[in-house]
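Worksheet: one structure, shown below.
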Amino acid sequence: MKLTQIAVIVVSGLLLSCTSTVSGKAQTKTEAVKTAPTAKIQAAVAEVPTALPTQATVTKGSFESYVAALKQEALEKGYSKALVDEVFASLRHYQSAVVADKKQPEFTETLDTYLPKRVSKQRIDLARKYYKEHQKELEAIGQKYGVQPRFIVALWGLESSFGKFMGNYSVPSALATMAYDGRRETFFKSEFFLALDILQQGHVKLADMKGSWAGAMGQSQFMPSAFMSYAQDGDGDGHINIWQSRTDAFASIANYLKTRGWDNSQTWGREVKVPKNFDFSYVIPKGSKDRTQWLEWWAKSERSLAAWQTLGVRTTEGKALPARDLKAALVMPDDEKGRVYLAYSNYQTLMHWNRSYYFVTSVGYLADLIVAKD
């Protein structure tokens, strides 16, 4: 196979503080803002495709030679020749994806600066609008999976701007590029073959399999592994199409939350106040190396609302905490001078989606505003 061009497409702005288990986004050490690119930004950043080296100049270790080996592996794995020929003829190296992965801009944020950008008035208004427009459908899905519809809409809105910005990269090319780049080859190579599985099963056409530079796909921004584990055929047409079917996207988001332990009898958490001279050792530390360590820290912090009440924790209005038999951990995304949250078990589920305090807070914050009374 001879590749002739490198198609370089604008990065879709997927920048957060850690690697999401859903979207696999490569992220910065500090919290960064995720914004949907406008047409003007896309035009400014997009690059003109350039030709790959001719066959005579291809050297060992080139993208072309890597793709050739990947193609042979795909054939050995048993993928149909027609599919392999179609996909591999389309593969392009996205240099902009490599740049985005290695040199993401870093923004120092606090929740006070982050939330107004992520959960803007426009996004709140649109979330409320779509919540009302699709309420019947959302309630049916919410009842089936045991997930409050407002959280489905919040994730839909924050991940893809309600299905409007899903990324313009061909997913197989993005994944092949990231695997070739080598920083996380095993992960992205595995995701590449899962993308082939999705295509072979007929859920989406190759031309429609678009996503972020890291390979996160569709309205829910699932990596292929998340698609295979959680995606649902919500509209019952025999295909799971999280790109073009809003119902499939809603059902897939809900199924993810349900599978990861969502409890629809409670919310995500609440902002609270702590007393002067509070012992901050009760707070979950920041900077966990992985989810296992974070859960260990959660377990040390978690206690009943009654216990937190005894420790002097109060609502933001200074009132007593709810008299409910609930456990919660204490989270402080901006350390001692920032906001304080009591996080319920659903917070754990959202942190599985994306292990970022800022991201989870934005989901909960938007979900609350969707149903808040003005």
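All the letters of the sequence shown, read from the start, carry residue numbers -26 to -1, 1 to 348 under mature numbering (1 follows the signal peptide of the UniProt record, and there is no 0). All residues carry an ideal CB built from backbone N, CA and C; glycine is no exception.
For residue j and residue i, believed in contact at Cβ under 8 Å, the rounded distance
{"i": "D209", "j": "D222", "result": "6 Å"}
{"i": "S144", "j": "K184", "result": "7 Å"}
{"i": "Y256", "j": "L316", "result": "With 8 Å as the limit, Y256 and L316 do not qualify as a contact, their Cβ atoms being about 11 Å apart."}
{"i": "K51", "j": "F167", "result": "7 Å"}
{"i": "I214", "j": "A205", "result": "5 Å"}
{"i": "W187", "j": "A74", "result": "5 Å"}
{"i": "N328", "j": "V58", "result": "Wrong, their Cβ atoms sit about 33 Å apart, outside the cutoff."}
{"i": "E165", "j": "P198", "result": "5 Å"}
Alpha-carbon to alpha-carbon, residue j and residue i
{"i": "D264", "j": "Q283", "result": "30 Å"}
{"i": "G189", "j": "Y68", "result": "12 Å"}
{"i": "R288", "j": "F196", "result": "37 Å"}
{"i": "T335", "j": "L85", "result": "8 Å"}
{"i": "T82", "j": "V72", "result": "23 Å"}
{"i": "A101", "j": "K138", "result": "13 Å"}
{"i": "P296", "j": "A281", "result": "12 Å"}
{"i": "A346", "j": "A114", "result": "21 Å"}
{"i": "A200", "j": "K45", "result": "23 Å"}
{"i": "K301", "j": "V246", "result": "15 Å"}
{"i": "F333", "j": "A148", "result": "24 Å"}
{"i": "S275", "j": "L340", "result": "25 Å"}
{"i": "K106", "j": "S194", "result": "19 Å"}
{"i": "S39", "j": "I344", "result": "50 Å"}
{"i": "K249", "j": "S262", "result": "Per the sequence presented here, residue 249 reads as Pro, with Lys not at that position. C-alpha separation (whole angstroms): 26 Å."}
{"i": "L65", "j": "D308", "result": "42 Å"}
{"i": "Q16", "j": "S134", "result": "Low per-residue confidence applies at Q16: pLDDT is 32, beneath 50, and the placement is therefore not dependable, though the value from the model is reported in the following sentence. The straight-line gap from Cα to Cα measures roughly 16 Å."}
{"i": "K103", "j": "E111", "result": "14 Å"}
{"i": "V41", "j": "K55", "result": "15 Å"}
{"i": "P146", "j": "I258", "result": "38 Å"}
{"i": "D207", "j": "G286", "result": "47 Å"}
{"i": "K163", "j": "A150", "result": "7 Å"}
{"i": "S278", "j": "K260", "result": "22 Å"}
{"i": "K91", "j": "D342", "result": "17 Å"}
{"i": "K251", "j": "V314", "result": "Note that residue 251 corresponds to Asn in the displayed sequence, not to Lys. Their Cα atoms are separated by approximately 14 Å."}
Bridge-paired residues (DSSP) for residue i
{"i": "R277", "result": "A302"}
{"i": "M191", "result": "G185, F196"}
{"i": "K110", "result": "K110 is not bridged to any residue."}
{"i": "R288", "result": "K247"}
{"i": "residue 349", "result": "In the structure as shown, the chain begins at -26 and stops at 348. Residue 349 is therefore absent and cannot be evaluated."}
{"i": "Y143", "result": "G185"}
{"i": "V257", "result": "L304"}
Status (buried if at least 16 other CB within 10 Å, exposed otherwise) for residue i
{"i": "R320", "result": "A small correction: the amino acid at residue 320 is Asn; Arg does not occupy that position in the sequence shown. Classification for N320: buried."}
{"i": "T12", "result": "Note on T12: pLDDT 34, under 50, position unreliable in the model; the coordinate value appears next. Per the 10 Å Cβ criterion, exposed."}
{"i": "S226", "result": "buried"}
{"i": "residue 375", "result": "Limits of the chain in this structure are -26 at one end and 348 at the other, which puts residue 375 out of reach."}
{"i": "A48", "result": "buried"}
{"i": "Y331", "result": "buried"}
{"i": "D299", "result": "exposed"}
{"i": "E291", "result": "exposed"}
{"i": "G141", "result": "buried"}
{"i": "A63", "result": "exposed"}
{"i": "G131", "result": "buried"}
{"i": "E310", "result": "exposed"}
{"i": "G338", "result": "buried"}
{"i": "S70", "result": "buried"}
{"i": "G192", "result": "buried"}
{"i": "A43", "result": "exposed"}
beta-carbon residue i near the ligand FMN non-hydrogen atom, thresh 7 Å
{"i": "A56", "result": "Absence of the ligand FMN is noted for the structure shown, with no ligands found whatsoever."}
Below-8 Å beta-carbon distance, residue i vs any chain B residue
{"i": "K95", "result": "Within the model displayed, chain B is absent; a lone protein chain is all it includes."}
Subject >> Cβ contact check for the segment 153 to 172 and the segment 267 to 278: 3 or more pairs under 8 Å >> reply: no
**OP:** Could you say if the segment 242 to 262 and the segment 315 to 334 meet the contact criterion of at least three C-beta pairs nearer than 8 Å?
**Re:** yes
**OP:** May I ask you to verify whether the segment 117 to 130 touches the segment 171 to 178, counting CB pairs closer than 8 Å and requiring at least 3?
**Re:** no
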